[in-house]
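Visitor: Got a structure here, written out as structure tokens. Questions coming.
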Amino acid sequence: NPAGVVLDAGGLSDAEMWKIAAEMNVPATAFGAPATRPGHDLKLRWFTPSGKELTFCGHATVATAHLLAETGRLSRDRVVFDTLGGTLPVAVAATTERVVIWLEPTLPTCAPYPEALGPVLDALKVSADGVGSWAPPALTGERDLLIPAAGLEVLKSLTPDMNRLARLGDERRIRGFCLTSRETLDRDSLTHSRFFAPHYGIPEDPVSGSVHAAIPVWLWQAGLLTAAGGVTRFQAEQGDSLGRPGRLQVELHVADGRPARVRVGGRAVTVLTGSIRVE
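Mapping to this note's numbering: the sequence shown position 241 is 282, numbers consecutive.
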């Protein structure tokens with residue numbers, strides 16, 4: 042999942058960050074600046090190509106932490122970002138072969154979706170029997186709508202009406218629409234998802250870290266996860282339909298019989314570096 046990263050963005054205005062995000066034209070571009078709040082290492086903001094600022098963006102955060110590690114700007118194996126959505130700790134597990142970035146966001150919330158699902162299904166071009174019964178549709182604290190899919194074929198055949206989906210997103214204040222199947226491509230995976238946010242300038246996101254922070258809470262609420270020893274781990278799939286297969290490692294930590302913490306792990310690779318003249 043491509044992401045742009047600008048580490049030294051302290052001197053940029055909002056308008057300049059919007060222009061850079063539009064020029065990058067990837068699902069999200071992260072902008073780092075010196076932190077002003079005690080206990081934080083870097084202030085981090087995320088913008089989409091359409092100029093909308095996000096409260097949480099997983100893959101661009103992974104990319105930022107990766108770049109900090111790659112350029113020798115990390116003094117320890119943990120970095121704390123100050124973001125629009127609050128404090129976001131990130132753990133960096135580095136070996137001689139690879140670097141794995143673990144997002145540790147505030148525990149996401151999931152609530153039953155209270156509105157009619159019909160217009161959403163029409164915009165997604167999903168029939169009623171394409172909706173799975175294994176969990177109720179849910180709205181996360183980031184206002185992502187989680188919809189259970191009946192199977193993998195439902196996801197493979199998706200051809201959403203992006204204009205209708207964008208209008209629904211604006212009307213219902215939904216950030217993105219996520220369909221998740223418990224049928225997967227890989228034997229080692231537990232879920233396969235597709236995520237659409239056209240009104241944010243993201244027709245489809247190849248890999249969504251923020252959504253996968255909420256999915257384990259959703260699965261737990263549906264009674265589909267157990268946590269022997271207080272933690273459950275699984276692999277999640279996304280991006281295959283776009284030719285950009287992504288695999289995320291997800292952890293749900295449980296205390297006193299309820300979710301207490303989530304971690305989402307992934308890797309990044311620097312594919313290009315350059316400069317942009319802002320005028």
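For each residue, glycine too, the CB sits at the ideal point set by N, CA and C.
Please read all numbers here as calculations on a predicted model, not as lab measurements.
Distance, Cα to Cα, Gly306 vs Ala134?
Guide: Computed Cα separation, rounded: 10 Å.
Visitor: At what residues does the alpha helix (DSSP H) containing Trp175 begin and finish?
Guide: No alpha helix (DSSP H) contains Trp175, which DSSP labels as neither H nor E.
Visitor: Compare the C-alpha of Thr223 against each of Leu187, Asp246 and Ile215 and name the closest.
Guide: The question names Thr, but residue 223 in the sequence shown is Arg. The shortest C-alpha separation from Arg223 is found at Leu187.
Visitor: Can you tell me whether DSSP reads Gly271 as helix, strand or coil?
Guide: helix
Visitor: Which first and last residues belong to the beta strand (DSSP E) in which Leu220 is found?
Guide: Gly217 to Ser222
Visitor: How is Pro244 classed by DSSP in three states: helix, strand or coil?
Guide: Strand at Pro244.
Visitor: With 16 as the cutoff for other CB atoms within 10 Å, does Leu313 come out buried or exposed?
Guide: exposed
Visitor: Is the Cβ-Cβ distance between Arg308 and Val46 less than 9 Å?
Guide: no
Visitor: Could you pull the DSSP bridge partners for Leu109 from this structure?
Guide: According to DSSP, Leu109 bridges with nothing at all.
Visitor: Taking the alpha-carbon positions, what's the Trp175 to Ser251 distance?
Guide: 22 Å
Visitor: Just confirm the distance between the C-beta atoms of Asn42 and Arg216, as a whole number of angstroms; I'd bet it's less than 8 Å.
Guide: Not confirmed; about 16 Å, so no contact.
Visitor: Hey, would you say Ser91 sits closer than 9 Å to Ala110, going by beta carbons?
Guide: Their beta carbons are not under 9 Å apart, which means Ser91 does not touch Ala110 by this criterion.
Visitor: Mind checking who Asp185 pairs with in its DSSP beta bridge?
Guide: The partner list for Asp185 (beta bridge, DSSP) reads Gly217.
Visitor: Using the beta-carbon count (16 or more within 10 Å), is Pro153 buried or exposed?
Guide: exposed
Visitor: Indicate the three-state DSSP secondary structure (helix, strand or coil) for Ile142 in the structure shown.
Guide: strand
Visitor: Quick check: Pro130 and Arg119, are their CB atoms within less than 9 Å of each other?
Guide: yes
Visitor: Taking Ala127 as part of the alpha helix (DSSP H), name the residues at either end of that continuous run.
Guide: Correcting the residue identity first, residue 127 is Gly in this sequence and not Ala. Gly127 -> not in any alpha helix (DSSP H); beta strand (DSSP E) instead, spanning Gly127 to Ala135.
Visitor: Considering only DSSP beta bridges, list what Ser234 is partnered with.
Guide: Answer by DSSP bridge pairing, in chain order: Thr221 and Gln279.
Visitor: Helix, strand or coil for Leu289? Go by DSSP, reduced to three states.
Guide: strand
Visitor: Please state the DSSP three-state secondary structure of Pro75.
Guide: Annotated three-state conformation of Pro75 is strand, per DSSP.
Visitor: Among Arg288, Thr128 and Asp55, which residue has its Cα nearest to the Cα of Leu83?
Guide: With distances taken between CA atoms, Leu83 lies nearest to Thr128 out of Arg288, Thr128 and Asp55.
Visitor: Exposed or buried, what is Thr267 when buried is set at 16 or more other beta-carbons lying within 10 Å of its beta-carbon?
Guide: exposed
Visitor: Measuring CB to CB, does Pro321 end up less than 9 Å from Ala164?
Guide: Residue 321 falls outside the range modelled here, since the chain spans only 42 to 320, and no answer is possible.
Visitor: Smallest Cα separation from Ala296: which of Ser316, Gln279, Ala254 and Val272?
Guide: When only C-alpha atoms are compared, the closest one is Val272.
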